[in-house]
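Below: one structure, written as structure tokens.
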Amino acid sequence: ATLWHRINATANFFHGLGVGKDVVVAFALPNLPQTHLVIWGGQAAGIVFAINPLLEPATIAELLKAGEAKALVTLAPLPGVDLWPRRQAALAEVPTLQHVVLVDPRPQAGPATSANSAADGEGRVTVHDFTTGVAAQPGDRLLSQRVIAPDDLSSFFCTGGTTGSPKIAMRTHANEVANAWSVGQGIGEGIGPGKTLFCGLPMFHVNA
Numbered sequence: 029a030t031l032w033h034r035i036n037a038t039a040n041f042f043h044g045l046g047v048g049k050d051v052v053v054a055f056a057l058p059n060l061p062q063t064h065l066v067i068w069g070g071q072a073a074g075i076v077f078a079i080n081p082l083l084e085p086a087t088i089a090e091l092l093k094a095g096e097a098k099a100l101v102t103l104a105p106l107p108g109v110d111l112w113p114r115r116q117a118a119l120a121e122v123p124t125l126q127h128v129v130l131v132d133p134r135p136q137a138g139p140a141t142s143a144n145s146a147a148d149g150e151g152r153v154t155v156h157d158f159t160t161g162v163a164a165q166p167g168d169r170l171l172s173q174r175v176i177a178p179d180d181l182s183s184f185f186c187t188g189g190t191t192g193s194p195k196i197a198m199r200t201h202a203n204e205v206a207n208a209w210s211v212g213q214g215i216g217e218g219i220g221p222g223k224t225l226f227c228g229l230p231m232f233h234v235n236a
């Protein structure tokens, strides 16, 4: 029930940023509880675009431009982690980007927006704190009242990248339901109420 509530609240947060069914929310995050909320809440609001956070900033900017992302969710500045500072300059090259949402996974962390008020220094991109934004939203319903159709796009995932720039593969909600059903059939009694599955794969990869 808590997970469902937070997914709805995350979807409502994205909805408040102007994310609709054909709008892309990208994320470049490691595996975190917040990553799950971004994936499922983002799909309830629009289209989620998974990006490897270890890619070079120029490559991330290239993918964001190709996917026409309106929002990017990424790690806030943390000790020993330079992902956000390294990306700031590159994000100015993405014309569709309007929002950057920073995730600080530390307990009792303060708002993660102090790094900069705008990614390009001109006020075009607004920076938000994920925890604060989601906490301000109701979790008992989708404010958009969206009804998801099977053929609606759910997510973009990148293929390869070892022999050139990653290519963007598009998935529908029907694809995801079929995928989940197939996994359930394959695992059989190993999945169900009271069962716990461990995923050791990165959530930016479609296999996870």
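Each residue of the sequence shown is one higher than the one before, counting from 29 in our numbering.
In this text, a Cβ means the ideal position worked out from N, Cα and C, and glycines have one as well.
Query raised in the report: With distances taken between CB atoms, is the gap from residue 78 to residue 39 smaller than 8 Å?
Result: At a Cβ-Cβ threshold of 8 Å, residue 78 and residue 39 do not count as neighbours.
Query raised in the report: If you draw a straight line from the C-alpha of residue 230 to the C-alpha of residue 171, how long is it?
Result: 30 Å
Query raised in the report: So, helix, strand or coil for residue 93, using DSSP?
Result: helix
Query raised in the report: Rounded to whole angstroms, how far is the Cβ of residue 162 from the Cβ of residue 29, which I believe are closer than 8 Å?
Result: That belief does not hold up - the Cβ atoms of residue 162 and residue 29 are roughly 16 Å apart, past 8 Å.
**Report entry** Alpha-carbon to alpha-carbon, residue 92 and residue 204
**Finding:** Pairing residue 204 with residue 92, the inter-Cα distance amounts to about 22 Å.
Query raised in the report: CB-CB under 8 Å to residue 144, same chain, minus the five flanking residues each way: which ones, in chain order?
Result: For residue 144, the predicted structure reports a pLDDT of 46, less than 50, and the residue's modelled location is therefore unreliable. The matter cannot be settled from this model.
Query raised in the report: How is the beta strand (DSSP E) around residue 119 delimited, first residue to last?
Result: Here residue 119 belongs to no beta strand (DSSP E); instead the alpha helix (DSSP H) covers 111 to 119.
Query raised in the report: Thinking C-beta only, is residue 97 closer than 8 Å to residue 42?
Result: no
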